[in-house]
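Enquirer:
The structure is reproduced here in structure tokens:
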């Protein structure tokens, strides 16, 4: 049996747009967002339909699929630079969605998601606008309302380092005063707050500041794999009690201690399933979701492309049964965004 997919995080939008961004901005980023082989053949990674990225329309195939396409904003960019970077990335994604209008549709509200996921026909792929590290809000809080009007459904306010709004797992700083205002503005505009990448101190600040449920779009269990990017059991319980969801991240170093410690090169299904099993033991049946981090991380061979999802769903169904597999693959995330999104 196959199931629709609701994936709460990928970095495909950056990877598709990278070759079209200004050289000075790319140099400021201090990184190369090309994936394997992209620099040798840039044309192979610009088309949402047929690129060799982890996620393409061809690899999705006939599976009904809602994909949160994050604009990942590098920590090296100033808030002002982040605004232009975001607009460049999303402009290219919009172009690709429009170019493939028969297969994919940009959704501007949560109410559109169920139509794509559960009604047969075309388009069967929903493109959801999200931001990873929305540091541009530090330059202009009015961008929250503007982006929400344009369809932004979810955003995080940090990546790995210290930022103007909040700080990532490499640091111990707290949510700033401006960050607290950004959280309030996001809640006012029904932009879901994503706490993936926040350090433990900022997570606790969010618990104190927030009045609405929030999500960890792409995070795993720290009890199963000790990377500090993962969620503690207490943090998972906070998200559960507040009515949020947590997306399973496919990054190999967040899944497996063996990979994290350099003792293995790939991740087994049992290691992936251990995170799900642990969360189910914590009462997370209605919390577990998918947040693959595809096109932004090294991932196991069993998950290294959207075309691997049918086989992965078969493994999930065999291990957990159809009801849990359905909730994990799409139903929990869909229910959350229908409750909390616009």
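Numbering (our numbering), first residue to last: 771 to 1112. We put the CB at the ideal spot given by N, CA and C, even for glycine. Model, not experiment: these values are computed from the prediction.
Pick out whichever of 956, 1038, 893 and 931 has its Cα sitting closest to the Cα of residue 982.
Expert: Residue numbering aside, residue 982 sits at position 212 when the chain shown is read from its first letter. The shortest Cα separation from residue 982 among 956, 1038, 893 and 931 belongs to 956.
Enquirer: If you follow the alpha helix (DSSP H) that residue 858 is part of, which residue opens it and which one closes it?
Expert: Numbered from 1 along the chain shown, position 88 holds the residue referred to as residue 858. 849–869 is the extent of the alpha helix (DSSP H) around residue 858.
Enquirer: Report yes or no: do three or more beta-carbon pairs, one from the stretch 926–941 and one from the stretch 878–895, lie closer than 8 angstroms?
Expert: No: fewer than three Cβ pairs fall under 8 angstroms.
Enquirer: Within the stretch 1036–1088, note down every full alpha helix (DSSP H) run reaching 4 residues or more, in order along the chain.
Expert: With a minimum length of 4 residues, the continuous alpha helix (DSSP H) runs that stay inside the stretch 1036–1088 are 1039–1051.
Enquirer: Can we say the stretch 1060–1077 touches the stretch 978–995, given the rule of at least three CB pairs closer than 8 angstroms?
Expert: With a cut-off of 8 angstroms, the stretch 978–995 and the stretch 1060–1077 count as touching, because enough Cβ pairs lie within range.
Enquirer: Are the CB atoms of residue 849 and residue 918 within a distance shorter than 8 angstroms?
Expert: Locating residue 918 in the chain shown gives position 148, counting from the first residue. Locating residue 849 in the chain shown gives position 79, counting from the first residue. Cβ atoms of residue 918 and residue 849: not closer than 8 angstroms.
Enquirer: Give the single residue among 800, 948, 789 and 958 whose Cα lies nearest to the Cα of residue 924.
Expert: What you label residue 924 is simply residue 154 of the chain shown in a count that begins at 1. Nearest C-alpha to residue 924: 958.
Enquirer: Should residue 1081 and residue 824 be called a contact, given that it needs their Cβ atoms to be closer than 8 angstroms?
Expert: Indexing the chain shown from 1 puts residue 1081 at position 311. Indexing the chain shown from 1 puts residue 824 at position 54. Taking 8 angstroms as the Cβ cut-off, residue 1081 and residue 824 do not qualify as a contacting pair.
Enquirer: Excluding the 5 residues flanking residue 1090 on each side, which residues of the same chain have their C-beta closer than 6 angstroms to its C-beta?
Expert: As a first step, residue 1090 must be located in the chain shown, where it is residue number 320. Taken in chain order, the list of residues that qualify is empty.
Enquirer: At 4 residues or longer, what runs of the alpha helix (DSSP H) sit wholly inside the stretch 918–990?
Expert: Listed in chain order, the complete alpha helix (DSSP H) runs (minimum 4 residues) inside the stretch 918–990 are 947–958 and 970–979.
Enquirer: Taking the straight line between their C-alpha atoms, what separation do you get for residue 892 and residue 1056?
Expert: Along the chain shown, one-based indexing puts residue 892 at 122. Along the chain shown, one-based indexing puts residue 1056 at 286. Approximately 28 angstroms, taken between the alpha carbons.
Enquirer: Cα-Cα, which of 906, 954 and 1017 is closest to residue 933?
Expert: Taking the first residue of the chain shown as position 1, residue 933 is located at position 163. Comparing Cα positions, the closest option is 906.
Enquirer: Would you call the CB atoms of residue 979 and residue 950 closer than 8 angstroms?
Expert: Here the question's residue 979 lines up with position 209 in the chain shown. Here the question's residue 950 lines up with position 180 in the chain shown. For residue 979 and residue 950, yes; Cβs fall inside 8 angstroms.
Enquirer: What does the Cβ neighbour count give for residue 947, buried or exposed, with the cut at 16 atoms within 10 Å?
Expert: If you number the chain shown from 1, residue 947 lands on position 177. Residue 947 is exposed by the Cβ-count criterion.
Enquirer: Once DSSP output is grouped into helix, strand and coil, what is the label at residue 1022?
Expert: Locating residue 1022 in the chain shown gives position 252, counting from the first residue. Helix at residue 1022.
Enquirer: Identify the continuous alpha helix (DSSP H) that holds residue 837 and give its terminal residues.
Expert: In the chain shown, residue 837 corresponds to position 67, counting from 1. Premise fails: residue 837 lies in the beta strand (DSSP E), 835–842, not in any alpha helix (DSSP H).
Enquirer: Go ahead and pull the three-state DSSP assignment for residue 1006.
Expert: On the chain shown, position 236 is the one that residue 1006 refers to. Reduced to three states, the DSSP call for residue 1006 is helix.
Enquirer: Distance check for residue 833 and residue 1100, CA to CA, integer angstroms please.
Expert: Numbered from its first residue, the chain shown carries residue 1100 at position 330. Numbered from its first residue, the chain shown carries residue 833 at position 63. In a straight line, the C-alpha of residue 1100 is about 12 angstroms away from that of residue 833.
Enquirer: Under a three-way DSSP split, which group does residue 914 fall into?
Expert: As a working mapping, residue 914 is identified with position 144 in the chain shown. DSSP places residue 914 in helix when its eight states are reduced to three.
Enquirer: So residue 825 is in the beta strand (DSSP E); what residue range does that whole segment cover?
Expert: The residue labelled residue 825 in the question sits at position 55 within the chain shown. Note, residue 825: premise wrong, no beta strand (DSSP E); not H, not E.
Enquirer: Whose C-beta lies closer than 7 angstroms to the C-beta of residue 862 among residues of the same chain, with five residues either side of it excluded?
Expert: Numbered from 1 along the chain shown, position 92 holds the residue referred to as residue 862. Closer than 7 angstroms at the Cβ level, and outside the excluded window around residue 862, lie 786, 787 and 790.
Enquirer: Checking 8 angstroms against the spacing of the C-beta atoms, do residue 746 and residue 991 come in under that value?
Expert: Past the edges of the chain, shown from 771 to 1112, lies residue 746, and the structure says nothing about it.
Enquirer: Can you tell me the Cα-Cα spacing of residue 1026 and residue 1036, whole angstroms?
Expert: Within the chain shown, numbered from 1, the residue matching residue 1026 stands at position 256. Within the chain shown, numbered from 1, the residue matching residue 1036 stands at position 266. Each residue's alpha carbon lies about 9 angstroms from the other.
Enquirer: Just to check my reading of the structure: residue 921 and residue 876 have Cβ atoms closer than 8 angstroms, yes? What is that Cβ distance to the nearest angstrom?
Expert: In the chain shown, residue 921 corresponds to position 151, counting from 1. In the chain shown, residue 876 corresponds to position 106, counting from 1. Their Cβ separation, rounded to whole angstroms, is 6 angstroms, which keeps residue 921 and residue 876 in contact under 8 angstroms.
Enquirer: So which of 829, 836, 827 and 860 has the shortest CA-CA distance to residue 843?
Expert: Against the chain shown, residue 843 aligns to sequence position 73. Comparing Cα-Cα distances from residue 843 to each of 829, 836, 827 and 860, the minimum goes to 860.
Enquirer: Spatial neighbours of residue 879 within its chain, please: C-beta separation below 6 angstroms, excluding the five flanking residues on both sides.
Expert: Taking the chain shown and counting its residues from 1, the one referred to as residue 879 is at position 109. Only 1112 meet the Cβ criterion.
Enquirer: Taking all protein chains shown into account, decide if residue 744 is buried (16 or more other Cβ within 10 angstroms of its Cβ) or exposed.
Expert: Past the boundaries of the shown model lies residue 744; the chain is included only from 771 to 1112, so the question cannot be answered.
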